[in-house]
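Reviewing the structure listed below.
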Amino acid sequence: MEQHVYRFGADRTGADVTEGNASMKFMLGGKGANLAEMARLGLPVPGGFTVTCQTCMAYSNAGNVWPEGVLDEIKVALADMEERMGKRLGDADDPLLVSVRSGAPFSMPGMMDTVLNLGMNDESVQGLIAQTENPRFAWDSYRRFVQMFSNVVLGVDSDLFENALTEKRLVAGVRSDAELAEQDLRELVAEFKQIVSEHVDPEQYPEIVVDGKVVFPSDPMLQLRLAIQAVFGSWMNERAVLYRALNKIPDDLGTAVNVQSMVFGNKGDTSATGVAFTRNPASGAREFYGDFLVNAQGEDVVAGIRNTEPISDLKKIPALHEAGEELERIFGILEGHFRDMCDIEFTIEQGKLWMLQTRVGKRTATAALKIAIDMVEEGLITKEEAVKRIDPAQLDQLLHPQFDKTAQFDILAKGLNASPGAAVGEVVFSSDDAVARVNEGHKVVLVRWETNPDDLKGMTVAEGILTSHGGKTSHAAVIARGMGTPCVCGVETFRIDAGAKEVRIEGSDVILHEGDIISLDGTQGIVVLGAVPLTSAEITGDLDTMLSWADEIRLDETDGRAYHVRVNADNPADAELALDFGAEAIGLCRTEHMFLGDRKQIIQSFILSADEAVRQKALDDLLAVQTDDFVKMLRTMTGRDMVIRLLDPPLHEFLDDPRELEVEIARAEATGALSGKELEERQALLRRINGMTESNPMLGLRGVRLSIVYPDLPLMQVRAIATATAQLKRDGFDPRPEIMVPLVSITEEHVRVRAVIEQTLAEIAAEYDVELDIPIGTMVELPRACVVADQIAQYAEFFCFGTNDLTQTTFGFSRDDAESKFIPLYLHEKILPVNPFETIDPAVLELVKMAVDKGRSVNPDMHFGVCGEHGGDPASISGFFNVAGVNYVSCSPYRVPLARLAAAQAKLDARK
Ligand code: PEP
Ligand code: MG
Numbered sequence: 004m005e006q007h008v009y010r011f012g013a014d015r016t017g018a019d020v021t022e023g024n025a026s027m028k029f030m031l032g033g034k035g036a037n038l039a040e041m042a043r044l045g046l047p048v049p050g051g052f053t054v055t056c057q058t059c060m061a062y063s064n065a066g067n068v069w070p071e072g073v074l075d076e077i078k079v080a081l082a083d084m085e086e087r088m089g090k091r092l093g094d095a096d097d098p099l100l101v102s103v104r105s106g107a108p109f110s111m112p113g114m115m116d117t118v119l120n121l122g123m124n125d126e127s128v129q130g131l132i133a134q135t136e137n138p139r140f141a142w143d144s145y146r147r148f149v150q151m152f153s154n155v156v157l158g159v160d161s162d163l164f165e166n167a168l169t170e171k172r173l174v175a176g177v178r179s180d181a182e183l184a185e186q187d188l189r190e191l192v193a194e195f196k197q198i199v200s201e202h203v204d205p206e207q208y209p210e211i212v213v214d215g216k217v218v219f220p221s222d223p224m225l226q227l228r229l230a231i232q233a234v235f236g237s238w239m240n241e242r243a244v245l246y247r248a249l250n251k252i253p254d255d256l257g258t259a260v261n262v263q264s265m266v267f268g269n270k271g272d273t274s275a276t277g278v279a280f281t282r283n284p285a286s287g288a289r290e291f292y293g294d295f296l297v298n299a300q301g302e303d304v305v306a307g308i309r310n311t312e313p314i315s316d317l318k319k320i321p322a323l324h325e326a327g328e329e330l331e332r333i334f335g336i337l338e339g340h341f342r343d344m345c346d347i348e349f350t351i352e353q354g355k356l357w358m359l360q361t362r363v364g365k366r367t368a369t370a371a372l373k374i375a376i377d378m379v380e381e382g383l384i385t386k387e388e389a390v391k392r393i394d395p396a397q398l399d400q401l402l403h404p405q406f407d408k409t410a411q412f413d414i415l416a417k418g419l420n421a422s423p424g425a426a427v428g429e430v431v432f433s434s435d436d437a438v439a440r441v442n443e444g445h446k447v448v449l450v451r452w453e454t455n456p457d458d459l460k461g462m463t464v465a466e467g468i469l470t471s472h473g474g475k476t477s478h479a480a481v482i483a484r485g486m487g488t489p490c491v492c493g494v495e496t497f498r499i500d501a502g503a504k505e506v507r508i509e510g511s512d513v514i515l516h517e518g519d520i521i522s523l524d525g526t527q528g529i530v531v532l533g534a535v536p537l538t539s540a541e542i543t544g545d546l547d548t549m550l551s552w553a554d555e556i557r558l559d560e561t562d563g564r565a566y567h568v569r570v571n572a573d574n575p576a577d578a579e580l581a582l583d584f585g586a587e588a589i590g591l592c593r594t595e596h597m598f599l600g601d602r603k604q605i606i607q608s609f610i611l612s613a614d615e616a617v618r619q620k621a622l623d624d625l626l627a628v629q630t631d632d633f634v635k636m637l638r639t640m641t642g643r644d645m646v647i648r649l650l651d652p653p654l655h656e657f658l659d660d661p662r663e664l665e666v667e668i669a670r671a672e673a674t675g676a677l678s679g680k681e682l683e684e685r686q687a688l689l690r691r692i693n694g695m696t697e698s699n700p701m702l703g704l705r706g707v708r709l710s711i712v713y714p715d716l717p718l719m720q721v722r723a724i725a726t727a728t729a730q731l732k733r734d735g736f737d738p739r740p741e742i743m744v745p746l747v748s749i750t751e752e753h754v755r756v757r758a759v760i761e762q763t764l765a766e767i768a769a770e771y772d773v774e775l776d777i778p779i780g781t782m783v784e785l786p787r788a789c790v791v792a793d794q795i796a797q798y799a800e801f802f803c804f805g806t807n808d809l810t811q812t813t814f815g816f817s818r819d820d821a822e823s824k825f826i827p828l829y830l831h832e833k834i835l836p837v838n839p840f841e842t843i844d845p846a847v848l849e850l851v852k853m854a855v856d857k858g859r860s861v862n863p864d865m866h867f868g869v870c871g872e873h874g875g876d877p878a879s880i881s882g883f884f885n886v887a888g889v890n891y892v893s894c895s896p897y898r899v900p901l902a903r904l905a906a907a908q909a910k911l912d913a914r915k
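Going by my numbering, the sequence shown opens with residue 4, and the numbers climb by one from there.
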């Protein structure tokens with residue numbers, strides 16, 4: 004039969020009767036499992052029992068009905084506990100008092116309910132007075148219990164009790180609760196009970212109705228049952244549900260309930276209570292850290308009513324010296340046992356130390372690195388364990404500025420957390436204004452409806468980028484992440500009027516104008532009016548050490564394949580930054596990013612001109628600039644692979660915005676600002692641009708289709724790559740380009756373009772008299788390509804998966820719109836567990852795996868990579884390596900360190 008209740012602690016002879024242990028956190032919750040473990044270690048844990056998480060779920064799933072037999076099990080456990088403690092709940096001579104605390108499998112600090120001092124009633128208060136000879140303490144305990152129970156269990160507004168307390172202090176002429184006399188507390192107990200009678204709905208709590216009237220429950224067993232029910236119920240309270248959603252904790256785990264004998268830190272100057280860490284959780288330094296209060300209960304420490312004292316002073320107080328020594332000894336035992344930094348709650352009752360909780364402590368990214376490295380040096384853990392312990396997402400924090408954690412601010416708007424880090428600057432509405440303001444020495448945040456390649460200059464100089472439209476793989480998001488610029492996108496409440504240079508914010512009176520200061524946090528996706536203080540990136544030697552350990556693990560080939568990490572970079576500065584961050588090669592160079600700025604004119608004349616000579620001149624000019632680009636990039640990357648993708652985006656992305664052109668024409672027609680010939684030219688241009696407009700550009704003339712429709716373009720690009728390679732080889736460098744054909748879905752597309760590439764490579768090789776052994780691969784980013792991967796593989800040296808487009812086309816979700824339009828609702832409604840543009844969806848991963856398997860089956864030497872945004876997401880990285888079997892992931896420069904760590908962790912998982 005299923006056991007619902009587990010005992011912990013010792014019996015009266017001191018013999019341990021604990022039934023659980025630390026490995027049982029999914030049954031006993033983190034707190035219950037660790038209380039059991041501490042008891043097993045012989046540490047002083049007040050006795051008690053834990054009701055399992057499964058009981059909570061069974062109770063909740065049955066519509067708040069107790070599963071059969073559980074209440075009897077609790078009665079038996081309680082009787083046993085009373086026997087062990089030598090005290091009885093509600094006893095008029097020597098009462099047992101208990102705490103009832105929640106404890107889920109994962110820490111959810113402050114999210115669920117707790118009741119202390121349970122067991123107080125009119126009889127037991129007398130027993131407590133007799134035992135402590137301290138009536139004030141007894142009545143204060145009773146007052147605290149009625150207050151806490153009524154609020155937590157019966158849902159009475161806590162303000163009603165606080166108001167009564169305030170009133171009592173006023174009448175008594177004292178400033179703090181601690182100064183209230185026994186008589187005041189006695190009266191308060193009665194008044195609190197009266198509040199309960201008046202404010203609790205009898206229909207909701209029929210068990211506490213006597214003669215039609217709500218009466219505060221005095222029966223300790225009833226108190227206990229109601230308190231446990233309340234803790235069960237708090238699993239589903241709003242803040243707990245939200246916390247779980249934010250921290251990706253499943254809703255079906257449930258919380259355990261720990262019923263534990265109370266110990267009191269407020270029994271005079273030989274008593275105290277406190278919280279402590281075995282190392283400094285902020286810096287990681289090897290020192291005891293925490294604070295305590297003499298003569299206080301746990302809630303006083305948390306409430307911050309009195310100033311706490313540092314834990315290092317505990318031993319200095321003679322009455323507490325011994326307990327302090329004991330505590331330090333226990334710190335050592337716990338670290339040695341859990342092999343990690345522990346976070347502890349303790350109480351000293353009349354000189355005797357009691358351990359109330361321990362868990363592996365939360366820490367900052369800096370501390371996490373230092374603690375893990377120190378513990379390896381101390382011989383406590385291995386390098387592999389150290390690497391496993393670092394959260395890659397937390398590591399990301401170290402590389403970007405953040406909002407100062409102590410800063411106070413109101414959130415003006417929320418959007419998608421598109422690119423991490425925080426920024427402060429003046430609002431500007433156009434790329435040109437951004438450049439102009441920055442040239443005048445100002446810092447700016449570029450605010451746009453969405454960005455396009457035209458905005459690049461402004462994006463480059465901006466501290467941060469905000470868009471009101473677009474998702475996490477929108478242009479703004481991808482570019483911002485690539486540049487390491489903080490970005491919040493899809494801020495839908497921003498009604499931007501770029502012409503009037505103002506933003507109205509839905510649901511707020513604030514109107515932003517050009518020059519107003521805003522702050523944004525791209526890690527959290529929030530926007531704040533005014534300047535929030537920032538803390539800068541903390542790069543330490545420890546980060547380097549940890550990443551070099553990660554590299555040792557992921558590149559080790561003795562246990563199988565190496566897990567490689569490349570970078571998505573399309574300019575030498577990014578490439579250099581990525582090399583500093585430890586990228587091994589370039590996994591994706593998006594060549595369209597090389598056609599921006601002044602070069603846009605050249606490509607525009609190629610696309611729009613009907614004159615063959617003009618088009619040829621444009622191609623020649625493009626060839627010159629592209630060759631120069633590739634020389635620079637390949638030189639930076641000498642000795643390392645660099646995957647260069649042929650032109651991918653829809654051509655009209657390079658053209659002027661037809662709406663702006665229409666406005667210009669209409670204005671010129673009205674004002675005569677343009678000559679007749681000029682006007683005609685503008686009108687013809689507008690016709691040609693309109694002629695190229697597609698209703699679904701993401702599914703239109705882009706990728707390999709461009710190379711087929713405009714064969715001169717790939718010819719020019721391959722010529723540039725080959726020429727740059729030949730020149731660099733001649734100069735003694737070791738350029739290693741790989742050419743990639745994007746958006747292939749039909750084998751014949753690849754075959755045709757490959758023929759053009761091979762022919763051009765042969766021509767340049769002959770011209771320069773060098774060997775040009777340049778691999779040619781396919782970018783696999785459409786479901787059809789995955790299905791026919793074995794056919795395509797016959798003509799490709801490598802596949803690189805564009806998982807942004809593959810996700811878009813597998814789901815049929817627009818990558819520009821879905822994340823701001825309906826994915827949030829899908830996540831909230833649990834239709835989707837995670838955003839598929841962020842973490843690879845299992846079905847999309849299955850397609851990747853299928854293509855890898857098919858590719859390897861015809862060409863065992865092929866290599867496989869991933870260069871979509873998922874290449875920088877830890878959960879996806881593990882799937883790519885361990886499920887799909889790829890050789891590398893490629894991500895934006897700032898994500899490279901995170902990817903190195905995640906790849907090592909994936910490798911360690913695979914070793915198991
Ligand atoms: C992709 O589709 O995953 C990809 C990397 O290409 P892009 O984002 O440039 O379309
Ligand atoms: Mg793509």
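Note that the Cβ used here is the ideal one computed from N, Cα and C, for glycine as well.
Any heavy atom of the ligand MG inside 7 angstroms of the beta-carbon of residue i?
i, result
"Asp254", "no"
"Asp819", "no"
Based on the DSSP secondary-structure assignment, which residues constitute the bridge partners of residue i?
i, result
"Cys492", "Leu419"
"Ile514", "Arg507"
"Gly277", "Phe295, Phe349"
"Trp357", "Thr350"
"Cys894", "Val570"
"Thr538", "Gln405"
"Cys592", "Ile647"
"His2", "No answer is possible for residue 2: it lies beyond the span of the chain, which begins at 4 and ends at 915."
Just to check, is the beta-carbon of residue i closer than 7 angstroms to a non-hydrogen atom of the ligand PEP?
i, result
"Thr842", "no"
"Gly444", "no"
"Thr812", "no"
"Asp808", "yes"
"Leu415", "no"
"Val260", "no"
"Asp651", "yes"
Report all residues from its chain with a CB closer than 6 angstroms to the CB of residue i; omit the five preceding and five following residues, and keep chain order.
i, result
"Lys460", "Ser434, Val438"
"Pro223", "Leu92, Gly93, Gly122"
"Ile826", "Asn838"
"Ile252", "Phe109"
"Val464", "Ala437, Val438, Val441"
"Ser153", "Val159, Val199"
For the putative contact between residue i and residue j, defined by C-beta atoms under 8 angstroms, what is the C-beta separation to the nearest angstrom?
i, j, result
"Cys803", "Met865", "The pair is not a contact, with the Cβ atoms about 11 angstroms apart (cut-off 8 angstroms)."
"Glu387", "Leu901", "With a Cβ gap of about 18 angstroms, Glu387 and Leu901 do not count as contacting."
"Glu509", "Thr496", "4 angstroms"
"Glu517", "Val617", "That belief does not hold up - the Cβ atoms of Glu517 and Val617 are roughly 38 angstroms apart, past 8 angstroms."
"Tyr62", "Leu31", "About 16 angstroms; that fails the 8 angstroms criterion."
What residues in its chain sit with their C-beta under 7 angstroms from that of residue i, if we drop five residues either side in the sequence?
i, result
"Arg705", "Asp651, Pro652, Pro653, Leu746"
"Leu622", "Phe609, Asp715, Met719"
Among residues of its own chain, excluding the 5 on either side of residue i, which ones have a beta-carbon nearer than 8 angstroms to its beta-carbon?
i, result
"Gln794", "Thr750"
Between which two residues does the beta strand (DSSP E) holding residue i run?
i, result
"Tyr9", "8-11"
"Phe802", "801-804"
"Ile211", "Segment: none, Ile211 is in no beta strand (DSSP E) and carries neither H nor E."
"Asp715", "It is not in any beta strand (DSSP E) - Asp715 instead sits in the alpha helix (DSSP H) that spans 715-733."
"Pro661", "Not the beta strand (DSSP E): Pro661 falls in the alpha helix (DSSP H), residues 661-674."
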